[in-house]
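In my numbering, the protein residues as written are 93 to 536.
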């Protein structure tokens, strides 16, 4: 009995102890370093992509002198990115974010490296260049979706709000958009334009290595349906699209992005490179113009990162797109580089925070099992009409000149911004009480 009397309180005590709330497990050192290292990999890859964004159009302009052919190459990039985003999102969800990111980097880097290789072997025709650019862009798009889709899981592990994680990513992206073009302009002047493309391949290799070593993610998605892999690629890809069309805010984002990219992508993909070549005839001028947008975006994201959690999203969103549209008019206003740089910098300040908001809202709304497909589909749909805009921009510049086309683009973008402000659905961009910084886990 004495033993029993001693054991009973012990049992009760142990039961009570088990009922007490346990402290949340502390994230491991590897988990704490995951987001910074992911961002580092993304930044290195983006610097390489920005080198190519300068080198590729300059290469076409130097070798052909044709704005139309520059438009063809830029349209090829946009079309391939659209296809890669739409169908690649399904592959990302199937094989896992980490594996998809690594494969995408290695494959895209391989095709980029073939461009200067064939050029130095005197085997690079224009049609072959278009094919290689198509393949590199097609295979790069899933990697972007995969790395973006890692953020919710990595953020949950360390208890970090999604808005802060996306701000860090946008800061790195803006920094790469600043460093890459400046470096590209200088390197094109110092070495051959074709050789610069090898540096993009190097960036892909470094990014793949960082993701492979530093990031731990599940190998496959947590799909609601056990037989998801039995479905066709097309059927699974359209799941993301169907989800977006059911969400009014995402549907509005697609519509606005579709029209905005018809104007914005040709301006930076064709008009600005031609403007820099014909007005300044210096690749460093092109680098400065593109980099100044990155500087502005970096400033905007830093400001939003500092005050974003304490302010309403909608006024910042409206102010940002209005500033972006107003600044666009400065680019063709005068043939002075300083004025154009001020315009692109102000544009970056305005538009930088909007990217943070869009990605945060996306990750708050979308179930994790669909995140790769929805992220890819959003990018694909927003780029759907960009190839046509790029082709038309190249032809229009050859016919009417670069500055009239840039003024027309500024007018069209201003109309799109005005239409966006008039759409009440964008007020839903505000945080809701249910938005806890993690996406939904089940379809409603």
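Glycine residues also receive a C-beta, built at the ideal position from the N, C-alpha and C atoms.
Item to complete: Could you work out which residue in 194, 234, 165 is closest to residue 303 when comparing CA atoms only?
Response: Position 211 of the chain shown holds residue 303. Comparing Cα-Cα distances from residue 303 to each of 194, 234, 165, the minimum goes to 194.
Fill in: Backbone secondary structure at residue 113 - three-state DSSP
For this step, residue 113 is matched to residue 21 along the chain shown. Any reading at residue 113 must be qualified, since the residue scores a pLDDT of 46, below 50, and its modelled position is unreliable; no value is offered.
Fill in: Selection from 362, 506, 402 that minimises the alpha carbon distance to residue 169
Residue mapping note: residue 169 aligns to position 77 of the chain shown, counting from 1. Cα-wise, what sits closest to residue 169 is 362.
Discussion item. Among 368, 309, 247, 510, whose alpha-carbon lies nearest the alpha-carbon of residue 127?
Written reply: As a first step, residue 127 must be located in the chain shown, where it is residue number 35. Taking only the C-alpha atoms, the option nearest residue 127 is 247.
Fill in: Through-space distance from residue 331 to residue 173, alpha-carbon basis
For the purposes of this step, residue 173 is identified with residue 81 of the chain shown, where counting begins at 1. For the purposes of this step, residue 331 is identified with residue 239 of the chain shown, where counting begins at 1. Distance between the alpha carbons of residue 173 and residue 331 is about 19 Å.
Discussion item. Can you find the residues in the same chain that come closer than 7 Å, C-beta to C-beta, to residue 297, ignoring five residues on each side of it along the sequence?
Written reply: For the purposes of this step, residue 297 is identified with residue 205 of the chain shown, where counting begins at 1. Excluding positions up to five away in sequence, the list reads 201.
Worksheet item: Short check: CB of residue 444 to CB of residue 379, under 8 Å?
Response: Looking up residue 444 in the chain shown gives position 352. Looking up residue 379 in the chain shown gives position 287. No; because the gap between Cβ atoms is not below 8 Å, this pair is not in contact.
Discussion item. Comparing C-alpha positions only, which one of 376, 494, 382, 412 sits nearest to residue 278?
Written reply: The residue given as residue 278 occupies position 186 in the chain shown. Residue 376 is the option with its Cα nearest to residue 278.
Worksheet item: Nearest CA to the CA of residue 397: which residue from 360, 260, 118, 136?
Response: In the chain shown, residue 397 corresponds to position 305, counting from 1. Out of 360, 260, 118, 136, 260 has the C-alpha closest to the C-alpha of residue 397.
Worksheet item: Mapping DSSP to helix, strand and coil, what is residue 379?
Response: As a working note, residue 379 is residue 287 in the chain shown. Looking at residue 379 - three-state DSSP - the assignment turns out to be helix.
Discussion item. Classify residue 212: buried if its beta carbon has 16 or more other beta carbons within 10 angstroms, exposed otherwise.
Written reply: Here residue 212 refers to the residue found at position 120 of the chain shown. The residue is exposed, with fewer than 16 neighbouring Cβ atoms inside 10 Å.
Worksheet item: What does a CB cutoff of less than 8 Å around residue 385 pick up in its chain, not counting 5 residues either side in sequence?
Response: Locating residue 385 in the chain shown gives position 293, counting from the first residue. Contacts found: 269, 360, 436, 437, 439, 440.
Item to complete: Out of 118, 518, 205, point me to the one whose CA is closest to residue 343's CA.
Response: As a position in the chain shown, residue 343 is number 251, starting the count at 1. Checking every option, the nearest Cα to that of residue 343 belongs to 518.
Discussion item. Which residue wins for smallest C-alpha separation from residue 257, given the options 160, 175, 423, 450?
Written reply: Indexing the chain shown from 1 puts residue 257 at position 165. Considering only alpha carbons, the answer is 450.
Worksheet item: In terms of alpha-carbon separation, which member of 175, 255, 144 lies closest to residue 403?
Response: Taking the chain shown and counting its residues from 1, one reaches residue 403 at position 311. Taking only the C-alpha atoms, the option nearest residue 403 is 255.
Worksheet item: Which value, in whole angstroms, describes the spacing of the CA atoms of residue 282 and residue 129?
Response: Within the chain shown, the letter at position 190 stands for residue 282. Within the chain shown, the letter at position 37 stands for residue 129. Using only the alpha carbons, I get a separation of about 31 Å.
Worksheet item: When the distance is taken between beta carbons, is residue 462 closer than 8 Å to residue 167?
Response: The residue given as residue 167 occupies position 75 in the chain shown. The residue given as residue 462 occupies position 370 in the chain shown. No, the Cβ-Cβ distance between residue 167 and residue 462 is not below 8 Å.
Worksheet item: Is there contact between the region 488 to 505 and the region 422 to 433, where contact requires at least three CB pairs shorter than 8 Å?
Response: yes
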